[in-house]
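Going by numbering that gives the first Met the number 0, the sequence shown opens with residue 0, and the numbers climb by one from there.
Each residue gets a CB set at the ideal place from its N, CA and C atoms; glycine is no exception.
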Amino acid sequence: MIKIKRWNPCDTCAGTGAEPGTMPSRCSACNGSGQLKQISKSLFGQFVNVVQCANCGGTGEVVSSPCRKCSGEGRRKEASQIKVEVPSGVATGNYMTLRGEGNKGSRGSEAGDLIVFFEEKEHEFFRRHGSDIIAELEISFSQAALGDSVEVPTLGGSAKLSIPGGIQSGQVLRMRGKGLSELRGSYRGDELVKIQVKTPTKLNSKQKNLLEELAASNGSVGKTNVRKMRS
Ligand SMILES: [Zn+2]
Ligand SMILES: [Zn+2]
Numbered sequence: 000m001i002k003i004k005r006w007n008p009c010d011t012c013a014g015t016g017a018e019p020g021t022m023p024s025r026c027s028a029c030n031g032s033g034q035l036k037q038i039s040k041s042l043f044g045q046f047v048n049v050v051q052c053a054n055c056g057g058t059g060e061v062v063s064s065p066c067r068k069c070s071g072e073g074r075r076k077e078a079s080q081i082k083v084e085v086p087s088g089v090a091t092g093n094y095m096t097l098r099g100e101g102n103k104g105s106r107g108s109e110a111g112d113l114i115v116f117f118e119e120k121e122h123e124f125f126r127r128h129g130s131d132i133i134a135e136l137e138i139s140f141s142q143a144a145l146g147d148s149v150e151v152p153t154l155g156g157s158a159k160l161s162i163p164g165g166i167q168s169g170q171v172l173r174m175r176g177k178g179l180s181e182l183r184g185s186y187r188g189d190e191l192v193k194i195q196v197k198t199p200t201k202l203n204s205k206q207k208n209l210l211e212e213l214a215a216s217n218g219s220v221g222k223t224n225v226r227k228m229r230s
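Rendered as C-alpha cells:
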C-alpha cells in the first residue's frame, strides 16, 4: 500500500460538480455538443475549425449551482491509499504504470495514470548482486574446523545451511534458489553466504588449555606459512 495525494471524484456531487438536488444544464454556447465551429475566411476559401467549447470546458453542460464542497470541480484533492503489487526482482530505476489510478478528471472526464518509481532500500543483511543476494556469516573457529548445521536468514525467513568441516574464512557457500526472482522470467537467483571465521578473543582457562593441546598435537607451535597474496 502506498499513500498519495490525488484528485478523487467529489462524493457530495458524485463527480458532477453540481450542488446535490440540482442538475447541470445544457451549455448554451455550444448547444450541448462541447464543441464550437470557428469559420475563417481566407483567400483560398473558407476553413472550418472545430474547437473545444470554452464555456463548458468541452463537457456540453454548465453547472448553474456549483457543488459547495468541490466548488463545481467535481473532484477534490485527497490522501488516497493505493495497493501496489511490487513485482519480485524490481530494482532502482524500474517503474510501473497503474492505469486510471492517477488524478481523476474534472466532472467525470477520464482519469490519468499513476506512475510508480521504485527505489531500493538497503537491507539489514543482504547485498544484492543481480538476482543473487550476498550475506556474511560469522562462525566460530570450532564450527569452521568441525562443520555445523546452522540457521541463516533468507528473504523468506530462514533456512538451514550446512557448513562443511574445514571451511576457510572467505569461502562462499551457495544456497540455490534463495535469491531474487528475475523481473521477467522464472529463474531465481541464489543466496551466497560468505564465511567469516571469528578468532576467539576471550578464552577461559579450560578453552585455552584445549587450544594449546590442539596446537601441540598439530605441531603448529611457532610455525607459519607465507604465500603469495590472493587479490
Ligand atoms: Zn462536489
Ligand atoms: Zn459548451
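- Between the stretch 138-152 and the stretch 162-170 there are three or more inter-stretch CB-CB distances shorter than 8 Å, so the stretches are counted as touching.
- Contact between Gly188 and Asp112 does not hold, since their C-beta atoms are separated by about 31 Å, which reaches or exceeds 8 Å.
- Within the model, the alpha-carbon separation for Lys40 versus Ser32 is close to 23 Å.
- For the stretch 132-181, the continuous beta strand (DSSP E) assignments of 3+ residues that do not extend past its boundaries occur at 147-153, 156-162 and 171-174, in sequence order.
- A direct Cα-to-Cα measurement between Ala53 and Ala90 gives close to 45 Å.
- In the three-state reduction of the DSSP assignment, Leu209 falls in the helix class, which pools H, G and I.
- Taking a C-beta distance under 8 Å as the contact criterion, Gly20 and Arg106 do not qualify as a contact pair.
- At least 8 Å separates the beta-carbon of Lys193 from that of Val220.
- Per the C-alpha coordinates, the member of Asn48, Lys103, Ser168 and Val47 positioned closest to Glu137 is Ser168.
- Look at which beta carbons fall closer than 5 Å to any heavy atom of ligand 1; those residues are Cys9, Thr11, Cys12, Cys66, Lys68 and Cys69.
- Annotation: Thr153 to Ser70 spans about 53 Å, alpha carbon to alpha carbon.
- Between the stretch 177-191 and the stretch 212-219, the count of Cβ pairs shorter than 8 Å is below three; the stretches do not touch.
- When the alpha-carbon of Arg25 is set against those of Cys55, Phe43, Asn48 and Ile133, the nearest one is in Cys55.
- Ser24 carries a strand assignment under DSSP once its states are collapsed to helix, strand and coil.
- When DSSP states are grouped into helix, strand and coil, Ala215 belongs to the helix group.
- In the three-state reduction of the DSSP assignment, Arg226 falls in the coil class, being assigned neither a helical nor a strand state.
- Checking the DSSP bridge columns, you'll see Arg183 has no partner listed.
- Residue pairing by DSSP places Pro65 opposite Ala17 in a beta bridge.
- Closest in alpha carbon position to Ala110, among Glu118, Gly99 and Phe117, is Gly99.
- Minimum Cα-Cα distance from Val47 among the listed residues Lys68, Met95 and Gln34 corresponds to Gln34.
- A residue is called buried when at least 16 other Cβ atoms come within 10 angstroms of its Cβ; Phe116 does not meet this threshold and is exposed.
- Bounds of the beta strand (DSSP E) holding Ser79 are Arg74 to Ile81.
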